[in-house]
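**Student:** Please find one structure pasted underneath; my questions will follow.
There are 2 protein chains.
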Amino acid sequence: MKEQPWWYRRLRDSGSRLTEPRKLVLEILRNSDEHPTATEIYVQAHRMKPSIGLTTVYRTLELLIQLGIVQKFEFGEGKSRFELVDKPGANGRHHHLVCLKCRKIIDYSDISEEEKEFLSRVKGRLKSKHDFKIFDHLMWFYGVCRECREV
Amino acid sequence: MKEQPWWYRRLRDSGSRLTEPRKLVLEILRNSDEHPTATEIYVQAHRMKPSIGLTTVYRTLELLIQLGIVQKFEFGEGKSRFELVDKPGANGRHHHLVCLKCRKIIDYSDISEEEKEFLSRVKGRLKSKHDFKIFDHLMWFYGVCRECREV
DNA sequence: TTAAAAATGAAAATCATTTTCAATATGGAT
DNA sequence: ATCCATATTGAAAATGATTTTCATTTTTAA
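Going down the list, the sequences are from chains A and C. According to numbering that gives the first Met the number 0, numbering within the first sequence proceeds without interruption in unit steps and concludes at 150. According to numbering that gives the first Met the number 0, numbering within the second sequence proceeds without interruption in unit steps and concludes at 150.
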């Protein structure tokens with residue numbers, strides 16, 4: 000007997016049906032390390048089951064958010080990103096370097112061990128001080144790149 | 000002789016012109032306690048100078064974000080909200096805690112010694128790796144607050 | 001004062017997300 | 001397994017925020 004993911008029960012308990020598209024969206028979320036957008040999820044889902052529609056992906060995500068199975072993030076890109084709640088070890092990768100002169104933006108994702116440790120300490124502190132459970136973070140650094148300093 | 004806001008200099012230094020629409024948008028941001036949306040800023044600006052266009056408000060905000068003068072927020076409403084960044088170096092609200100459920104935002108400025116050290120190490124690393132000289136930073140943490148976890 | 005470059009505004013285009021509505025799939029009852 | 005009420009779905013249209021295009025205006029430096 001195969002063990003069912005905890006969200007199957009939560010879906011059922013809410014009176015919602017456990018449909019193919021819903022299982023697919025959940026499977027895709029389970030298997031992605033990034034925080035996919037609705038469209039990214041749709042593209043994957045569509046490859047596996049071409050009959051699926053983007054609308055359904057949106058509706059499913061909305062439902063899963065209501066049920067506390069999925070979290071919605073916004074990083075200022077003008078679109079939302081989604082992640083399974085309590086998915087361990089999918090944090091970081093959202094560091095931006097902005098040059099104040101030429102306005103170039105560099106995304107960098109290489110996080111050092113030190114940085115990870117620091118972040119987990121900060122998260123611990125935020126938990127105890129503000130009683131927040133942190134799922135993710137975003138860091139912006141503003142400066143001037145070499146080319147612009149040379150002028 | 001009137002003292003000019005620090006952002007005037009930063010605009011100038013970036014090679015951008017200090018135009019009427021830009022001053023207006025900055026003035027509106029300076030005088031608002033809330034985080035206005037682009038449209039809200041436009042409505043105010045338009046009252047003071049009817050020739051102004053929504054496009055210019057968007058373009059100005061984009062520029063100010065690139066220059067680190069303005070921050071963009073997204074609360075999951077499908078539109079962005081904007082706020083003036085505090086003067087760099089001075090007890091700025093550089094840290095934000097966002098509750099992913101109720102969309103509440105907590106600004107906190109109490110930075111520990113450990114945190115300051117960490118940031119200076121990160122800045123050093125960014126300097127050597129990406130050859131950026133960092134002037135300022137911004138950190139966002141996404142999580143769920145106590146009230147929302149209790150449900 | 002003048003010309004080049006930067007900035008502007010209006011309208012059109014784009015993009016993410018939501019709504020509408022007719023067709024389909026699901027799960028409990030039979 | 002079959003049936004049926006209804007939850008769910010997909011396609012297309014609608015919406016709303018943001019971006020692009022392009023001709024005109026404003027700003028700055030010489």
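Quick reminder that beta carbons are idealized off the backbone N, C-alpha and C, glycines included.
Give the secondary structure of GLY160(C) by DSSP, where H, G and I count as helix, E and B as strand, and everything else as coil.
**Tutor:** Outside the modelled stretch of chain C, which goes from 0 to 150, sits residue 160(C), for which no answer is possible.
**Student:** Does DSSP put ASP106(C) in a helix, in a strand, or in coil?
**Tutor:** Strand.
**Student:** Helix, strand or coil for LYS132(C) per DSSP?
**Tutor:** LYS132(C): strand per DSSP, three-state reduction.
**Student:** Indicate whether ILE105(A) and LEU118(A) have their beta-carbon atoms separated by less than 8 Å.
**Tutor:** Against a cut-off of 8 Å, the Cβ pair of LEU118(A) and ILE105(A) comes out as no contact.
**Student:** Evaluate the contact criterion for the stretch 31 to 46 of chain A versus the stretch 56 to 65 of chain C: three or more CB pairs, one atom per stretch, below 8 Å.
**Tutor:** Segments in contact, no.
**Student:** What residue ranges within the stretch 17 to 51 of chain A form continuous alpha helix (DSSP H) runs of no fewer than 4 residues, ordered along the chain?
**Tutor:** Taking only runs of at least 4 residues, the alpha helix (DSSP H) segments lying wholly in the stretch 17 to 51 of chain A are 19 to 29 and 37 to 47.
**Student:** Would GLY155(A) be called buried (16 or more neighbouring beta carbons within 10 Å of its own) or exposed?
**Tutor:** A question about residue 155(A) goes unanswered here, because the residues of chain A that appear run from 0 up to 150.
**Student:** Would GLU76(A) be called buried (16 or more neighbouring beta carbons within 10 Å of its own) or exposed?
**Tutor:** Exposed: under 16 other Cβ atoms inside 10 Å.
**Student:** Taking 7 Å as the limit between beta carbons, can you name the residues of its chain near LEU99(C), skipping five residues before and five after?
**Tutor:** So the qualifying residues of the chain are TYR141, GLY142 and VAL143.
**Student:** Excluding the 5 residues flanking GLY28(C) on each side, which residues of the same chain have their C-beta closer than 6 Å to its C-beta?
**Tutor:** The residue you asked about is not Gly; residue 28(C) is Leu in the sequence shown. LEU83.
**Student:** Give the straight-line distance between the Cα atoms of GLY67(A) and PRO49(C), rounded to the nearest whole angstrom.
**Tutor:** Distance between the alpha carbons of GLY67(A) and PRO49(C) is about 46 Å.
**Student:** Within 10 angstroms of its Cβ, does LEU17(A) collect 16 or more other Cβ (buried), or is it exposed?
**Tutor:** The residue in question, LEU17(A), is exposed, as its Cβ has fewer than 16 Cβ neighbours within 10 Å.
**Student:** Using a 10 Å radius around the Cβ and a threshold of 16 neighbouring Cβ atoms, would you call ASP135(A) buried or exposed?
**Tutor:** ASP135(A) is buried by the Cβ-count criterion.
**Student:** Interface residues of chain C around ILE155(A) at Cβ under 7 Å?
**Tutor:** As shown, chain A starts at 0 and ends at 150. That puts residue 155(A) outside it, with no answer to give.
**Student:** Against ILE133(C), what residues of chain A qualify as contacts under a CB-to-CB distance less than 9 Å, listed in chain order?
**Tutor:** Under the 9 Å cutoff, chain A gives LEU96, PHE140, TYR141, GLY142 and VAL143.
**Student:** Kindly examine the ligand GDP and report whether one of its heavy atoms sits closer than 7 Å to the Cβ of ILE64(C).
**Tutor:** Looking at this structure, you won't find the ligand GDP or any other ligand, since it has none at all.
**Student:** So for ARG71(A), helix, strand or coil by DSSP?
**Tutor:** Just to set this straight, residue 71(A) is Lys in the shown sequence, not Arg. Three-state result, LYS71(A): strand.
**Student:** Quick one, are the C-beta atoms of GLN70(C) and LEU137(C) less than 8 Å apart?
**Tutor:** Cβ distance < 8 Å, so GLN70(C) and LEU137(C) count as in contact.
**Student:** If you run the structure through DSSP and keep just helix, strand and coil, what is LEU63(C)?
**Tutor:** Residue state, collapsed to three classes: helix.
**Student:** Kindly indicate the opening and closing residues of the beta strand (DSSP E) around CYS101(C).
**Tutor:** It is not in any beta strand (DSSP E) - CYS101(C) carries neither H nor E in the DSSP assignment.
**Student:** Can you tell me whether VAL121(C) is helix, strand or coil according to DSSP?
**Tutor:** Correct three-state label for VAL121(C): helix.
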